[in-house]
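In UniProt numbering, the protein residues as written are 472 to 749.
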Ligand code: C2E
Ligand code: CA
Ligand code: CA
Ligand code: CA
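What follows is the structure, encoded as structure tokens:
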């Protein structure tokens, strides 16, 4: 569903000509964006449900064009994958997120930063080397970095990807399954993967409490995770009622606009820096 959504703008624009023109512009624009440092990371806090302590931040990439327009990743990550630019972007994101996390650590804001990996980054190229480089260049300790891989990717590439994931785990970083619950996967693969955390997809949080099916799915994910000894972060929590529901089920952690939308690094430090974490 996610892959479809990401590609929608390319396939369903009214004029095909316009679509390919946008595509061309985006492609050349993205190459320039990398050169001219127009990409920026925003950070969304992640907190424990009990005690509300902020322990992490998910890095989310944005592209600020010279015209001042902010383009979200939903409009350019899939294109970057097709254009062969995802490795460059992915390396930049890793380097910048680690640099920022180390800066925060030195400033007394010890957070774990979570970075989204594209499936292509994991199966092609040298992801283990890229992550090792980012850690070494920043001086960030590996346990302060979490890498998110989507459930869809995990299902499609379990065998090729497994070595890479094990290699990443050996570096000492944490691994999380993103968008968990959307992939219609067998649960047995979970026990084979070196992951420490499941992120419950936002689509299951939107209608709880109230939607009996979604309530059941959330409860089931929490119960499986507990038995497997995995941490859980519920995504897309937008109000106190959803948070209370998660608390009643013993969900360990959450993120979402209710706590805070993604912020610039400066905004983040203003709100949670200098002892503001506790
Ligand atoms: P994701 O990893 O599932 O990230 C969560 C998305 O949900 C983010 O959108 C975030 O802004 C949004 N969100 C957070 N809280 C709420 C909420 O309470 N309600 C609602 N409605 N939305 C919320 P964003 O930043 O547009 O990112 C979209 C997707 O782009 C991400 O989904 C991720 O798959 C991808 N992405 C973002 N940054 C990167 C990156 O650096 N590399 C790669 N490969 N993909 C990235
Ligand atoms: Ca994510
Ligand atoms: Ca997600
Ligand atoms: Ca629903």
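Quick reminder that beta carbons are idealized off the backbone N, C-alpha and C, glycines included.
Shorter than 7 Å, the distance from the beta carbon of residue i to the closest heavy atom of ligand 3, or not?
i, result
"residue 706", "yes"
"residue 672", "yes"
Pull the bridge partners of residue i from the DSSP assignment, please.
i, result
"residue 531", "513"
"residue 607", "DSSP lists no partner for residue 607."
"residue 725", "518, 705"
"residue 618", "586, 646"
"residue 734", "514"
Excluding the five sequence neighbours on either side, which residues of its own chain have a C-beta within less than 8 Å of the C-beta of residue i, listed in chain order?
i, result
"residue 547", "497, 501, 534"
"residue 512", "530, 531, 532, 533, 564, 567, 568, 571, 736"
"residue 503", "509"
"residue 557", "548, 551, 589, 591, 592"
"residue 733", "513, 514, 515, 529, 531"
"residue 731", "515, 516, 742"
"residue 642", "599, 602, 603, 606, 613"
"residue 645", "583, 614, 616, 617, 618, 667, 668"
Going by the C-beta, is residue i closer than 7 Å to any heavy atom of ligand 1?
i, result
"residue 678", "no"
"residue 709", "yes"
"residue 531", "yes"
"residue 516", "no"
"residue 644", "no"
"residue 541", "no"
"residue 728", "yes"
"residue 593", "no"
"residue 511", "no"
"residue 523", "no"
"residue 564", "yes"
"residue 555", "no"
"residue 598", "no"
"residue 692", "no"
"residue 527", "no"
"residue 561", "yes"
"residue 545", "yes"
"residue 589", "yes"
"residue 723", "no"
"residue 695", "no"
"residue 581", "no"
Excluding the 5 residues preceding and the 5 following residue i in the sequence, name in chain order all residues of the same chain whose CB lies nearer than 6 Å to its CB.
i, result
"residue 709", "727, 728, 729"
"residue 631", "594"
"residue 742", "none"
"residue 505", "559"
"residue 554", "498"
"residue 739", "514"
"residue 598", "592, 635"
"residue 649", "619, 621, 670"
"residue 587", "619"
"residue 744", "580"
"residue 576", "none"
Give every residue of the same chain whose Cβ lies closer than 7 Å to the Cβ of residue i, excluding the five residues on either side of it in the sequence, and list them in chain order.
i, result
"residue 651", "622, 669, 670, 671, 672, 692"
"residue 722", "520, 693, 703, 705"
Under 8 Å, Cβ to Cβ, is there at least one residue of chain C near residue i?
i, result
"residue 575", "Of the protein chains in the structure, only one exists, and it is not chain C."
- request: Output the residues surrounding ligand 2, defined as those with a CB atom closer than 5 Å to any ligand heavy atom, in chain order.
  value: 587, 619, 649
query: Of all the beta strand (DSSP E) runs that stay within the bounds of the region 637-720, which reach a length of 3 or more residues?
result: 645-651, 668-671, 702-705
message: In chain order, what are the residue ranges of uninterrupted beta strand (DSSP E) at least 3 long that sit wholly in the region 524-587?
response: 525-535, 583-587
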